Amino acid sequence: MKESSFWQYTRENIIGQNTKIKTPFGERLITYADYTASGRGVYFIENYLTDIMKLYGNTHTEDDATGIITTKLLKKAEQTIKRLVNAGEHYKIIQEGYGSTGAIHRLQKILGIYIPPVLRENIKKLINDYFKGLEDERDKMLDYINSKRPVVFVGPYEHHSNELTWREGFCEVIEVELNSNGLIDLIDLEKKLNRYSGDDRIKIGSFSACSNVTGIKSPVYEIARILHNYGAYAFFDFSASAPYIDIDVCHDRDSYFDAIFFSPHKFLGGPGSCGILILHEKLYRTDLPPTCSGGGTVDYVGFTTQLYSRDIEVREKPGTPGILQMMKAALAMELKEKLGVDKIEEREYELTSRAINYLSEIPHIEILGNPDPSRRIGIISFNIAVGDGYLHPRFIVRLLNDLFGIQARAGCSCAGPYGHRLLHIDYDKSMKYRRLIQDGFAGLKPGWARISLHYLMTDDEVEFILDAISFIAENGQYFLPLYFFDLHTGTWKHRDFEDSESPSGIDGFGIDEAMSISGVKEEGPGERKSYYHSYLFTARELARGLKKDFSPGKLKETEDDLISFIYYDIK
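So that you can map any letter, position 57 of the sequence shown is 1275 in our numbering, and since no number is skipped, the others follow by simple counting.
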């Protein structure tokens, strides 16, 4: 794909892409492949926000220059975000926390679904005390209350933020299944919606627009249409896919969204931004107090009473808002627009196709999820089999870091229920895992290694990442004797290297360190390629030597009736 000069300019402005880290095998240039977890900072955005700070002031005033200017800029940032997701005049934007988790939580407060755990226990105790000796009457009342709870339908590959929060709330949660192709089963969704079509309960569908494990995209507009046909609200979590796809809140009269939430920190240029909730005003009751009262939410406060603003965006902005955070979110989203969503999707498809085709040909690599690149964004999760067991996902990621400087991620990606399906973990195995983890053996927790292929990666970067994974699939086991595996924590540590040796290259945190920063030299892509060749050559030389002294008899395996991880018995 031919790229524009602006793509190259943006790539050159990514902060830290040419920073080196210390590893057991020497210094390594960072190759960042963890964009699904968080984006990267961009110099021109950071510099612009620094410039804005010259006239920064608190909002909630229109009487001095800094207050007026900052209030206008904040309002413009909010309007920009709404424009970029095509949210019409009846939609409101609310910031909360640092990502989708906070935004979902705020939505649940607005809907009356969130119940603080201590309050729940206090109410339970009061009810039990009141109905002491009248347990049958108590149970009838509780049955009636439960029969009136909202029903929330969630998908088969939700992030914990969009599942656990509903489980803990005042609602009944119904999970929609995967179909035989590993996609959300729309027939099952309709079947389960139909089961509740005859009652007057509030019905909500809250679905991930894309899996943060496999990158599989949901047919969001079709899901919204089905939900609305059954009188249900349509909510979508765009955290994983918002940086890469177009979002059209007001798509049409049947497949619009009632609310969306996402994490701008996952955008290029977005780290340090806030969580975003955009919802239709019909979901909000202005006759009640706001979810959090505070400065800026009121029109008037007397000795014993208060008059809250009727403007939803004002009354849901207590205290000083995240001013720079909202501005950064808007700038990151505008950057995506300027880079071109069509071009982003084209490049994502190109990279995902290349990676899946390449990795699928390598023995022992197991790619999770439906492999069709047209159904995915650039997220690939995988495991590496060795004999009857597997390399531990955290060991894979450790080697990617230590040998190659590649930043990836291991674990279950905060998607436990989906992980059960992908790894074929049934109820009995699940309960055994739970018992072992409760007993302190977190290292046995199943999972995968995950990489993110970002559209601004060069072909050289992508080739390097894939070659590194291929190398570990072929040679990873030979590096096991160099590492200690902690069954209790799941961490892997090189025997002769301490993390306290400042692997990040930063010796501390504080104002003195801040004052010492004078600038960073960023090297060009040509220089990076020579590093890639050097790292791969060094890794192959190390593997050749380790293979000669390797003793398979010293390999140990974790629980063989679970997913078995291999490690080296160092004695």
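C-beta atoms are modelled at their ideal positions from N, C-alpha and C, and glycine is treated no differently. Please read all numbers here as calculations on a predicted model, not as lab measurements.
Spatial neighbours of residue i in its chain, beta-carbon cut-off 8 Å, leaving aside the 5 residues before and after
i, result
"Q1695", "V1604, L1609, F1768, L1773, I1784"
"P1508", "T1515, Y1526, R1533, E1534, P1536"
"H1483", "S1256, G1257, Y1316, G1317, P1489, G1490, S1491"
"G1723", "Bear in mind that a pLDDT of 48 at G1723, under 50, signals an unreliable position, so the model cannot answer this."
"E1719", "Note on E1719: pLDDT 49, under 50, position unreliable in the model; no value is reported."
"G1726", "none"
"L1577", "I1583, I1585, I1598, F1600, L1684, I1687, S1688"
"S1511", "Q1524, Y1526, P1536"
"K1366", "R1419"
"P1866", "With the chain represented from 1219 up to 1789, any question about residue 1866 goes unanswered, as that position is not in the structure."
Contacting residues, own chain, Cβ-Cβ under 6 Å from residue i (five flanking each side not counted)
i, result
"C1468", "N1304, G1306, Y1474"
"K1238", "E1245, L1247"
"L1705", "F1659, G1661"
"V1438", "A1427, F1454"
"T1241", "D1620"
"A1761", "N1693, Y1696"
"G1629", "G1665"
"L1640", "L1586"
"I1781", "P1664"
"E1393", "V1372"
"L1674", "R1229"
"L1273", "T1284, I1287"
"E1381", "V1372"
"Y1332", "Q1326, G1387"
"R1572", "none"
"K1711", "F1702"
"T1504", "R1528"
"I1496", "A1305, Y1309, I1311, I1478"
Beta bridge counterpart(s) of residue i as assigned by DSSP
i, result
"V1615", "According to DSSP, which records beta bridges pairwise, V1615 is partnered with nothing at all."
"E1355", "Bridge partners of E1355: none, in fact."
"E1390", "V1369"
"R1668", "S1599, R1627"
"A1452", "G1423"
"Y1786", "L1773"
"I1341", "According to DSSP, I1341 bridges with nothing at all."
"A1547", "DSSP output for A1547 lists no bridge partner at all."
"T1228", "In the DSSP output, where bridge partners are listed per residue, T1228 has none listed."
"K1647", "In DSSP, K1647 forms no bridge with anything."
"A1477", "F1453, L1497"
"L1247", "K1238"
"R1594", "I1434"
"H1209", "Given a span of 1219 to 1789 for the chain in the structure shown, any question on residue 1209 remains unanswerable."
"W1710", "F1703"
"L1609", "I1784"
"Q1524", "V1519"
Chain-order list of residues whose beta-carbon lies under 7 Å from that of residue i (same chain, five-residue window excluded)
i, result
"S1670", "A1251, D1252, Y1253, T1254, G1596, I1597"
"R1627", "D1252, A1255, V1615, R1668"
"I1208", "The question about residue 1208 has no answer here: the residues shown for the chain are numbered 1219 through 1789."
"Y1261", "N1231, I1233"
"L1267", "L1542, M1545, K1546"
"E1555", "L1302"
"H1638", "S1648"
"E1395", "P1374, D1403, D1406"
CB contact flag (residue i, residue j, <9 Å)
i, j, result
"E1534", "K1310", "yes"
"Y1448", "E1408", "yes"
"D1657", "F1243", "no"
"E1681", "N1236", "no"
"G1587", "G1373", "no"
"E1376", "Y1636", "yes"
"G1488", "A1547", "yes"
"A1321", "F1480", "yes"
"D1779", "K1647", "yes"
"D1464", "V1559", "yes"
"S1436", "V1370", "no"
"R1356", "I1345", "yes"
"L1698", "E1777", "no"
Whole-angstrom C-beta distance between residue j and residue i, which should lie under 8 Å
i, j, result
"I1444", "L1401", "Not quite, the Cβ-Cβ distance comes to about 14 Å (not below 8 Å), so this is no contact."
"T1383", "Q1326", "6 Å"
"I1580", "A1691", "5 Å"
"A1458", "N1412", "So it is not a contact: roughly 29 Å between Cβ atoms."
"F1613", "Y1701", "7 Å"
"Y1567", "D1678", "At roughly 19 Å, the Cβ-Cβ gap does not stay under 8 Å, so Y1567 and D1678 are not in contact."
"P1461", "Q1313", "Not a contact, Cβ separation roughly 18 Å."
"L1553", "L1486", "6 Å"
"I1422", "P1368", "6 Å"
For this session: Any chance you could list the beta strand (DSSP E) runs of at least 3 consecutive residues sitting entirely within the segment 1250 to 1324, in chain order?
Result: Within the segment 1250 to 1324, the complete beta strand (DSSP E) runs of at least 3 residues are 1309 to 1314.
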